[in-house]
Amino acid sequence: MWRRVTSLSSFLTSPSRSFLLNPNQEAYGQRICKSLCTDGGKSGSGGFFSRDHCPYIAFVLGGPGSGKGTQCTKIVENFGFTHLSAGDLLRKEITSDSKDGSMIFQMIKEGNIVPSEVTVKLLQKAISLSENNKFLIDGFPRTEENRISYERIIGAEPNMVLFFHCPEEEMIKRVLNRNEGRIDDNEETVKARLNVFRGLSLPVVNYYAAKGKLHKINGTGSEEEIFERVKPIFAALRYFGI
Numbered sequence: 002m003w004r005r006v007t008s009l010s011s012f013l014t015s016p017s018r019s020f021l022l023n024p025n026q027e028a029y030g031q032r033i034c035k036s037l038c039t040d041g042g043k044s045g046s047g048g049f050f051s052r053d054h055c056p057y058i059a060f061v062l063g064g065p066g067s068g069k070g071t072q073c074t075k076i077v078e079n080f081g082f083t084h085l086s087a088g089d090l091l092r093k094e095i096t097s098d099s100k101d102g103s104m105i106f107q108m109i110k111e112g113n114i115v116p117s118e119v120t121v122k123l124l125q126k127a128i129s130l131s132e133n134n135k136f137l138i139d140g141f142p143r144t145e146e147n148r149i150s151y152e153r154i155i156g157a158e159p160n161m162v163l164f165f166h167c168p169e170e171e172m173i174k175r176v177l178n179r180n181e182g183r184i185d186d187n188e189e190t191v192k193a194r195l196n197v198f199r200g201l202s203l204p205v206v207n208y209y210a211a212k213g214k215l216h217k218i219n220g221t222g223s224e225e226e227i228f229e230r231v232k233p234i235f236a237a238l239r240y241f242g243i
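Our numbering applies: residue 2 is where the sequence shown begins, and numbers increase by one.
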C-alpha cells in the first residue's frame, strides 16, 4: 500500500500537484511522514478489515463550532475522501423504516443514548457499501466507550485522528452566528455541549495523542486559513498513494 519515500520535499513542492505548499507547510508535512507510515494499527485478526479490504480511516474530532464539518467538506473536495457523519447515519436509518431505525427513534424519543454498537455497525455498513477506500469519520467516537466498541467490532484502530482545537469563546460565537435554526443553538445549551465534550471526548483525544495518531489543528481563523494547516497532512498522504 505504501510507496517508498525518496524525496517528500520534491513531492510537496511539485508544480504538478493541485496546489503548492509554502516552506512551513512543507516542513510540517515532512514531520508527519513517520506517523503516516503505519499499517493502521491493526488490533488483531478476525475484525471487519482484512488484507484485501483495508480502508484508510481518519477520525475527525472537535467541539461544537470547532469547524470540523466545514474542513471535512474541503478535504472531500480536494483529496477525495468520503465523509461519514455518525449523526447523519443515525438520522438516515431512522427515516429508512427499518427495525433498527425504529429502535433508534424510540431511544432518542425517550432520551436514551443509542448504543455504540449500533452506530459502529452503521459506519461499518457505510464503509462496506462505498466504492471509496478512504474515509473521514466525523464526530465519532465521542466517548471512551464509543472508542472501545469501534475497535472491538472493527478490529482495528483509525489510521490517524484530526483534532480541531479552538478556544471555547470562539466556538460559542460561531455556533450562535451560524443561523442553522437548530433549537440547541443557544448559549446555555452550547456551553452544556462543551462541558460534555470536555468531560467525555477529551479523554479520547488524549488516548490517541498518547498513541502517536493525533494531529492537532489550530482551529482559529478563517475557513481558508484553517485549511492551509490541514493541507500538508493530506498532501503527504497522497504521496503515499492514499
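The C-beta atom is built at its ideal place from N, Cα and C for all residues, glycine as well.
What is the rounded straight-line gap between the Cα of residue i and the Cα of residue j?
i      : j      : result
GLY156 : LYS110 : 31 Å
PHE136 : HIS84  : 6 Å
LYS217 : PHE164 : 5 Å
GLU145 : GLY220 : 23 Å
VAL244 : ALA236 : As shown, the chain starts at 2 and ends at 243. That puts residue 244 outside it, with no answer to give.
GLN125 : ASN113 : 22 Å
ASP89  : LEU195 : 20 Å
PHE1   : LYS93  : This structure cannot settle anything about residue 1, because the visible part of the chain is limited to 2 through 243.
SER44  : ILE105 : Because SER44 sits at a pLDDT of 43, beneath the cut-off of 50, its placement in the model cannot be relied upon, and the following sentence gives the value as read from the coordinates. Distance between the alpha carbons of SER44 and ILE105: 29 Å.
ALA59  : GLU78  : 16 Å
VAL115 : TYR240 : 39 Å
ARG153 : LYS69  : 26 Å
ASN178 : THR71  : 15 Å
LEU203 : ASP98  : 35 Å
Can you give me the start and stop residues for the beta strand (DSSP E) that residue i sits inside?
i     : result
GLY63 : 57 to 63
THR83 : 83 to 86
What whole-angstrom Cβ distance do residue i and residue j have, given they're in contact under 8 Å?
i      : j      : result
PRO65  : VAL191 : 6 Å
ASP139 : VAL197 : ASP139 to VAL197, Cβ: 17 Å. No contact.
LEU123 : LEU91  : 7 Å
Apart from the five residues on each side of it in sequence, which residues of its chain come closer than 6 Å, Cβ to Cβ, to residue i?
i      : result
GLU118 : SER150
Can you name the residues that DSSP bridges to residue i?
i      : result
ASN219 : HIS166
LYS135 : TYR57
Could you pull the start and end residues of the alpha helix (DSSP H) that residue i belongs to?
i      : result
ILE243 : It is not in any alpha helix (DSSP H) - ILE243 carries neither H nor E in the DSSP assignment.
GLU188 : 188 to 197
ASN79  : 69 to 80
ILE128 : 117 to 130
Can you give me the Cβ contacts of residue i inside the same chain, cut-off strictly under 7 Å, excluding the 5 residues immediately before and after it?
i      : result
LEU215 : VAL162, PHE164, VAL206, TYR209
ILE76  : PHE82, LEU137, VAL231, PHE235
SER86  : ASP139, GLY140
Here's a check: name, in chain order, each residue in its chain whose Cβ is nearer than 8 Å to the Cβ of residue i, leaving out the five neighbours to either side.
i      : result
TYR57  : GLY41, ASN134, LYS135, PHE136, ASN160, LEU238, ILE243
THR74  : HIS84
PRO168 : THR221
ILE173 : GLY66, GLU188, VAL191, LYS192, LEU195
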